[in-house]
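The following block contains the structure:
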């Protein structure tokens with residue numbers, strides 16, 4: 144477990160877990176709940192970059208809250224309250240404690256990223272066969288469930304087939320996770336497309352309550368967990384409102400060797416500014432709201 148924290152000193156609460164971009168804190172007299180804080184850190188290729196993106200945590204938190212509201216009749220979520228300490232206002236929520244499934248639940252409606260790389264090898268993704276002749280950015284006839292392992296900090300998530308998920312969590316739970324993931328994606332894809340944004344793919348996570356109910360947890364449909372494309376520019380352009388912009392700079396412009404042992408370099412100011420603006424554009428296009436801290 145990563146024990147370093149960004150907000151621990153100002154909150155004065157016990158740190159339960161520090162992930163790549165979120166921190167979980169215990170709450171006094173609340174054994175059933177945690178404080179989840181979104182930091183301004185950004186990760187890429189299994190590295191937490193040394194340069195934060197200003198306001199990123201608040202943008203992600205507020206976008207996720209908006210999406211939870213849009214999906215409330217599709218699946219219950221883990222949010223209990225937005226009444227949080229002033230030090231983390233706008234970037235934190237109080238959430239249920241859940242037994243989290245050790246699976247990254249990914250839905251793809253378009254072919255790109257690691258899915259495109261896998262497709263080029265054998266015309267399938269995670270064991271799901273696809274038609275020949277597709278191109279990078281192609282819309283799939285129906286969205287598909289392409290799960291991945293949930294790797295520890297610094298390790299790589301790996302795409303797996305449905306049978307692996309069933310062997311990990313049980314067949315019934317695997318069926319429920321697949322169906323819920325595709326239901327979340329289908330609802331969100333329609334909502335976003337009406338607002339001029341294509342959701343190419345997205346990753347969601349689920350936990351289970353003590354009574355067995357499966358609950359949508361962590362974040363949902365943010366620029367960290369999804370690929371957002373401009374509907375008017377597609378398919379000629381796959382320019383995105385998400386952290387693919389940072390990934391592209393690291394691989395193509397920074398001089399960093401992704402296969403080496405060195406950490407990624409700091410982000411220059413113009414990349415930081417452009418990344419922040421893309422996150423803001425995604426939030427404002429989707430929610431129709433102006434961002435406020």
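Numbering (the numbering used here), first residue to last: 144 to 436. C-beta atoms are modelled at their ideal positions from N, C-alpha and C, and glycine is treated no differently.
With which residues is residue 345 paired in a DSSP beta bridge? For this step, residue 345 is matched to residue 202 along the chain shown. The partner list for residue 345 (beta bridge, DSSP) reads 250 and 369.
Let me know the secondary structure DSSP gives residue 174 once reduced to three states. As a working note, residue 174 is residue 31 in the chain shown. Here residue 174 sits in strand by DSSP.
Could you spell out where the beta strand (DSSP E) holding residue 357 opens and where it closes? Looking up residue 357 in the chain shown gives position 214. Taken as a continuous stretch (DSSP letters only), the beta strand (DSSP E) holding residue 357 covers 357 to 360.
Could you pull out every unbroken beta strand (DSSP E) segment of at least 3 residues lying fully inside the segment 367 to 429, listed in chain order? The segment 367 to 429 contains these whole beta strand (DSSP E) runs: 369 to 373.
Euclidean distance between Cα positions of residue 358 and residue 305: Translated into the one-based positions of the chain shown, residue 358 becomes position 215. Translated into the one-based positions of the chain shown, residue 305 becomes position 162. Going by the C-alpha atoms only, they are around 20 Å apart.
Tell me where the alpha helix (DSSP H) around residue 326 begins and ends. In the chain shown, residue 326 corresponds to position 183, counting from 1. Residue 326: member of the alpha helix (DSSP H) spanning 314 to 337, first to last residue.
Taking the alpha carbon of residue 382 as the point to measure from, which residue in 404, 435, 256 and 398 has its own alpha carbon closest? Along the chain shown, read from residue 1 onward, the residue named residue 382 stands at position 239. Of the candidates 404, 435, 256 and 398, the one whose C-alpha sits nearest the C-alpha of residue 382 is 256.
Check whether the segment 368 to 376 and the segment 223 to 236 are in contact - that is, three or more C-beta pairs closer than 8 Å. Judged by Cβ distances under 8 Å, the segment 368 to 376 makes no contact with the segment 223 to 236, as fewer than three pairs qualify.
With 16 as the cutoff for other CB atoms within 10 Å, does residue 205 come out buried or exposed? Numbered from its first residue, the chain shown carries residue 205 at position 62. Residue environment analysis places residue 205 among the buried positions, since at least 16 neighbouring C-beta atoms fall within 10 angstroms of its C-beta.
For residue 344, is the classification buried or exposed, using 16 other Cβ atoms within 10 angstroms of its Cβ as the cut-off for buried? On the chain shown, residue 344 is found 201 positions in, with the first residue counted as 1. Buried, by the Cβ-count rule.
Entirely within the segment 172 to 242 and at least 3 residues each: give me those beta strand (DSSP E) ranges in chain order. You should have 173 to 181, 222 to 224 and 235 to 239.
Starting from residue 153, follow the alpha helix (DSSP H) in both directions and report where the run begins and ends. Residue 153 sits at position 10 when you count from the first residue of the chain shown. Annotation: the continuous alpha helix (DSSP H) that includes residue 153 extends over 151 to 154.
Please report how far the alpha carbon of residue 303 lies from the alpha carbon of residue 408, in whole angstroms. Position 160 of the chain shown, counted from the first residue, corresponds to residue 303. Position 265 of the chain shown, counted from the first residue, corresponds to residue 408. In this structure, the alpha-carbon of residue 303 lies about 31 Å from that of residue 408.
Nonlocal neighbours in the same chain, by C-beta distance under 7 Å from residue 144, ignoring five residues either side: As a position in the chain shown, residue 144 is number 1, starting the count at 1. Per-residue confidence for residue 144 stands at a pLDDT of 39, beneath the threshold of 50, marking its modelled position as unreliable; no derived number is given.
Buried/exposed call for residue 420, threshold 16 Cβ in 10 Å: As a working note, residue 420 is residue 277 in the chain shown. It counts as exposed.
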